[in-house]
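What follows is one structure encoded as structure tokens, with my remarks underneath.
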Amino acid sequence: MSKMKKTLNRVLTKFEQLKAPLNADCGVEETLRTDHFQVSKTVRYGFPYEPTSVAFDPVQHLLAIGTKSGSLRILGRPGVDIHCSHGPEVAVIQILFLINEGALVSVCSDDSIHLWNFRQKRPEIVHTLKFQRERITYCHLPFQSKWLYVGTERGNVHMANIETFTLSGYVINWNKAIELSRKTHPGPVISLTDCPIDPNKLLIGFETGTIVLWDLKSKTAECRFNLPEALRSVSWHHEGKQFMCSHTDGSLTTYNIKQPQKPVSVMMPHAQMGKDGKLNPCKPITKVEWKSVKNGEPLVIFSGGMSYDRAGRTPSITVMNGKSTTALEMEHNIVDFVVLCETPWQNDFQEPYAIVVLLQYDLVVVDLTSPNYPCFENPYPMDIHESPVTACQYYANCPPDLIPAFYSVGSSRQKRSGFSEKSWPINGGEWGTSTCSYPEIFITGHADGSIKFWDASSVTLQVLYKLKTAKIFEKPKKREESRSENRDSVGDNQKNGLEALDPDPLAVYLIHLCTESRILCFAGATHLVLCRFSKQELNVEVQSLEFSIIYHDILDDMESPDIDNHYRPSLGVVGQIQSGSRESYSSNASDHSTTKNEMWTAVKVRTGSRKYSAGYYPDLVCVLQWLDNKEPGEGKEHPGNITFISMNSSYGLLAFGNESGLAIVDYVQRTCLLNLGTPDLYGSMDPYNRGPRSPRNKRFPTDGSGTEDGARSPTNDQINGVCISPTCSKPRRPPPPELRRSKPNRRLQKAQSAASIEEANNGGGSFSGGVFLKPESCDRNDTSSFSRSRSSSMSSLDNVSKEAIQSLVFSDSYTGKTDNFTCPCLWVGTSLGSVIVIVLNLPPPGQQRLDQPVIVSPSGTMFRLKGAILTMSFLDCNGVLIPSVSEPWRENPNKEKEKQTYRQNTVSQKPKISPTSSTEYNGDKQFVVICSEKQARVISLPSQQCPYKTRITESSFVVRADVVTMRDSVCLACYVANGRIMAFSLPSLKPLLDIDFLPLNDVRIARTFCFSSNGHASYLCSATEIQKITFSADMSDNLNEMLGELFKPCETPEAPKQGFFKNWFSAGHSTLDREELFGEASGKGPRGLATKLQGRGSMQYVQNQASSGTSEVAKAHKAFIERGEKLGELGERSEMMRDHAENFASDSRALMLKYKNKKWYQW
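For any residue, its number in the numbering used here is found by taking its place in the sequence shown, counting from 1, and adding 153.
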């Protein structure tokens, strides 16, 4: 029996060993640990989105901007830029600096007042005062005072101590302020300001037009002013005898405090006399500032007040200097403005030198000391959104010569004139003490087709180069014109008609940059452009290819099974080159078929040679075609958005996919190598039932011209799994004259032939990939390329109408299980979780690469995962990331010479696979890391076993994933839609990081989120801002050294000295003891009016945290003692039980011995 057990144990052990590869150790040493990861926000670039308020510290020279979402940006000199947030979605309605004290007060729309301390690098809230029963409308903080005046919607004024954040018992009630001067409520308080020469006098402005000069000591109204129009703002003259008001009718009124009955002057600066002899109505003047100059006329600066006619529609800032009036027109609506003055003292000559104008989408600083008031050139990256950002790409640790190259070609175009020659006036703070040791580049694509290159190596963002791609294409027609020209073909079908046109046809949605060869590839919705880099000016004639990647099941409509193959050029379709093509022709249609089907493209490439400045010039353009059936009730069918692009400069190949299929282009020979619908890529391995397409015209002429070839399956040209290239030297009959003269824009009609697919797959590898998973439905999110699966309950036998290309990777890898050497391949990932491998047979380098065709063939290898494929990367047997093979950039303006020398020195460069057999996993030499929306797998090559896999998420889906280098190792970084950032070790896929960071509440984040090397990541956090983050602990620890210092100690300017005669003939500058007036003597504040909250920066908060930590330690210590006591009791009981057991055993033995030798008759 024991022998049988041993045999069974040996069998079970062997069986477990057979299953061991799923969890076996591959022998790769993984150095990354969980303590190497920490997620934190680093820098925010761009213009604050939806700004609401602005303030300036005249001593520290710092500018603060608040936004509608609760963000707070504090700007100093270029390179000093700190972002902080109030947390919840509340708008910042007002900002008040504690001048030269390293603090500021922010007033939010939820009726809360916050005190910020920015003496440290990360500003924090010290105190918060939340009003409960009254809404805050306006606040005022006198210079060098610790008492904040708070005006409310009810018309009351409260006093708050900013040191303790408690309310004073001193309250100015609205009914006591106006008394019997009016019969109705005066409205909310919209202005509070103390007299420059007498702080005892407080000027209170109400919305309806009532102004009260309040005496703080006597608690009475000294005088009241009843204005004829509603009030918007008030500004004192520095002498404290007069003040100026702005009104809703576009007028400015000046009052003297000694004559409250009538205004000293009334003027409407921009009113024009109408035909009826009356002044035309004007817009409200939202804000006015009255600033004095020692040796000149005072300046009156205000916003608004323009007439309602056409000329007054432009937002403007007006500067009145004596008798001259200058209107400064702005490009966007004015949110707020602040005048920069030399002194913080209000009772002195202010000497204004600049105006900071906060616009809805820009920040403008006007020089008041130069003629014609020129603007300062903004050194901050505030123009990221000059055209809406539609794509964003981030490259960290790029080649060091890349930034100087971009700057050299971009600096010549950035010379701008008309700006002030003086230095930027906002120059507070100090730079950080350290920077990144490697260069970083941002690339942004925009709706107008432009592409901007930015240097992101430091805290500030600097534009390097701007590429305008609109000049590559003809000027797009207006949507209405296109609709009217094509109304007959569109019919009533708006879904497939021109209603589907992108309003921004040139918008850039995808960007791919080869940092070594400097080749740039970018794609719009239906077009793709490949650009080369040159430091010299070139004359270039742009060549283009037109494609139609649309899958249609038309097998049942073929009229004849005997299909001629003489004129079929390849596995795909070769688009006709518009110019300069050698022996390229349309492969699937003739001139006869154009009477039924005509092509149309959303963009058209300009013909002829054009001059391109130094920088990027277009080398090849690929355009997807729309199809017009010219049948009643049918319109133009959208070709589907381009979903992914990839390029390899060493192979000379370009690949892109859309919602229907894949295209591979040889951009060296300007030919299309492959153009297939996604179902055709499977061959006989297609696990789906493809849903029927909408009825289409599928008749093909059979006049002997070979046009019936359009009904052939693209796989019919495969012989033993090998695809014939369009430029193959195989003998063939020359095309008929009709084909040679045919137009370049042709359409491919694809057919699916089971026999031909089976024949094609005979020469390929076998299916592998482990467990077969159920496919998921694929959704398309508006016009972006963000296609993601949502449901996991869909069966593999359900009908599938579309399968988009989601990932493309060129690599030298193994394609079959028995391969001994790597070969160039293209790995294709789809939206239904399939990974298909395509083999690329490249000709030798040199002249043969220019003459001989590239052979594209299926490998027969396929892998299946759950969810859309997001990323694929390759590791060697040591776990080191295999970089993409690329061609180094060289300056060669002679294009013919460039072709002759193409790839002579680079084709032999292949990823070096480590020959060390000790680290090979079961004889495998490569790992491929595949990540989908739901799971990740590591597959060893060439055996195609799956040693490691993990399920990333169950209820959500992965938005972005990438294999990134970090600390001389690699990891898989994922951003999940539920807001979590996750990291896994490679190749074992052990979890290293899982932290809640940013919920996916905006599709903009999904479009622009990207990971980069060394633990960097970025995303477009708003329409105008880019947020850079890090998940590296080293970078997070070094962040304080990188960030600049906001506060630097400096002396406050002395108060102005009053002359003898001025003090004699006037009251002079009086003093006010606010502590005595508003302190404890005034009593406690109104009960229940406001609640005080402790901020993270307060000492009490730190003490509470420390005490809570101490209490937790005490609780743990107590629990530990109790556990020890219980363990002691358990030990005593165990000892007692052991003694009892020994006694029982001895008694039992004695009893046994007593009766052992007794016979039966002795009982």
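Glycine is no exception: its CB is placed at the ideal position from the N, C-alpha and C atoms.
Subject >> Assigned exposure category for residue 1124 - 16 Cβ within 10 Å defines buried >> reply: buried
**OP:** Indicate the three-state DSSP secondary structure (helix, strand or coil) for residue 1056 in the structure shown.
**Re:** With a pLDDT of only 42 at residue 1056, under 50, the local geometry of the prediction cannot be trusted, and no value is derived from it.
Original post:
In three-state terms, what does DSSP make of residue 382?
Top reply: coil
Original post:
If you pair each beta-carbon of the segment 816-826 with each one of the segment 1003-1011, do three or more pairs fall below 8 Å?
Top reply: yes
Original post:
With a Cβ-Cβ cutoff of 9 Å, do residue 507 and residue 557 count as a contact?
Top reply: no
**OP:** Identify, in the order they occur along the chain, each residue of the same chain with its Cβ nearer than 6 Å to the Cβ of residue 755, setting aside the five sequence neighbours on each side.
**Re:** 658, 679
Original post:
Are there three or more Cβ pairs, one per stretch, closer than 8 Å when the segment 408-428 is compared with the segment 512-531?
Top reply: no
**OP:** Pull up the distance between the alpha-carbon of residue 131 and that of residue 1190, whole angstroms please.
**Re:** An answer regarding residue 131 cannot be provided, because it is not within the stretch 154 to 1316 covered by the chain.
**OP:** For the alpha helix (DSSP H) holding residue 1113, just list the boundary residues, first then last.
**Re:** Run containing residue 1113: none in the alpha helix (DSSP H); it sits in the beta strand (DSSP E), 1111-1119.
**OP:** Compare the Cα-Cα distances from residue 218 to each of 1209, 570, 517, 1297 and report the closest residue.
**Re:** 517
**OP:** With DSSP as the reference, label residue 1296 as helix, strand or coil.
**Re:** helix
**OP:** State the Cα-Cα distance for the pair residue 931 and residue 985, rounded to the nearest angstrom.
**Re:** Confidence at residue 931 is low in this model, with a pLDDT of 34, below 50, so the placement of that residue is unreliable and no value is reported for it.
Original post:
Mapping DSSP to helix, strand and coil, what is residue 1167?
Top reply: helix
Subject >> residue 561 in three-state terms, based on DSSP >> reply: helix
**OP:** Leaving out five residues on either side along the sequence, give the residues of the same chain with a beta carbon under 8 Å from the beta carbon of residue 1121.
**Re:** 184
Original post:
So which of 426, 479, 585 has the shortest CA-CA distance to residue 1194?
Top reply: 585
Original post:
When DSSP builds the beta bridges, which residues end up paired with residue 619?
Top reply: 605
Original post:
So, are the CB atoms of residue 812 and residue 957 less than 9 Å apart?
Top reply: yes
Original post:
Do you know how far the Cα of residue 1296 is from the Cα of residue 1306?
Top reply: 15 Å
Subject >> Cα-Cα separation between residue 1268 and residue 1275, rounded to whole angstroms >> reply: 10 Å
Subject >> For residue 367, the residue or residues it bridges with in DSSP >> reply: 355, 374
Original post:
In the DSSP assignment, what are the bridge partners of residue 753?
Top reply: 779
Subject >> Residue of 677, 804, 448, 1287 minimising C-alpha distance to residue 623 >> reply: 677
Original post:
Is DSSP giving residue 577 helix, strand or coil here?
Top reply: coil
Original post:
Shortest alpha-carbon distance to residue 829 belongs to which of 810, 841, 838?
Top reply: 810
**OP:** Assuming residue 374 contacts residue 400 (C-beta within less than 8 Å), just tell me the rounded distance between them.
**Re:** Going by Cβ atoms, the distance from residue 374 to residue 400 rounds to 22 Å, so no, they are not a contact pair.
**OP:** Mind checking which residues open and close the alpha helix (DSSP H) that includes residue 327?
**Re:** 327-331
Original post:
Cα separation between residue 274 and residue 1196?
Top reply: 7 Å
Original post:
Below 9 Å between beta carbons: does that hold for residue 242 and residue 222?
Top reply: yes
Original post:
In its own chain, which residues sit with a C-beta less than 8 Å from the C-beta of residue 212, not counting the 5 before and 5 after it?
Top reply: 252, 253, 497, 1203, 1205, 1206
Subject >> Buried versus exposed call for residue 414 [16 or more other C-beta atoms within 10 Å across all chains shown] >> reply: exposed
Original post:
Quick one: what's got a C-beta closer than 6 Å to residue 1069's C-beta in the same chain, skipping five residues either side?
Top reply: Low local confidence applies: a pLDDT of 38 at residue 1069 is under 50, so the model's placement there is unreliable, and no value is given.
**OP:** Return the bridge partner residues of residue 1144 from the DSSP annotation.
**Re:** 1137
Subject >> Distance between residue 323 and residue 1238 (C-alpha atoms, nearest Å) >> reply: 7 Å
Original post:
Which ranges would you report for the beta strand (DSSP E) in the segment 954-1035 if only whole runs of at least 3 residues count?
Top reply: 958-966, 976-983, 987-994, 1008-1017, 1022-1029
Subject >> 9 Å Cβ cutoff met for residue 1131 and residue 1153 >> reply: yes
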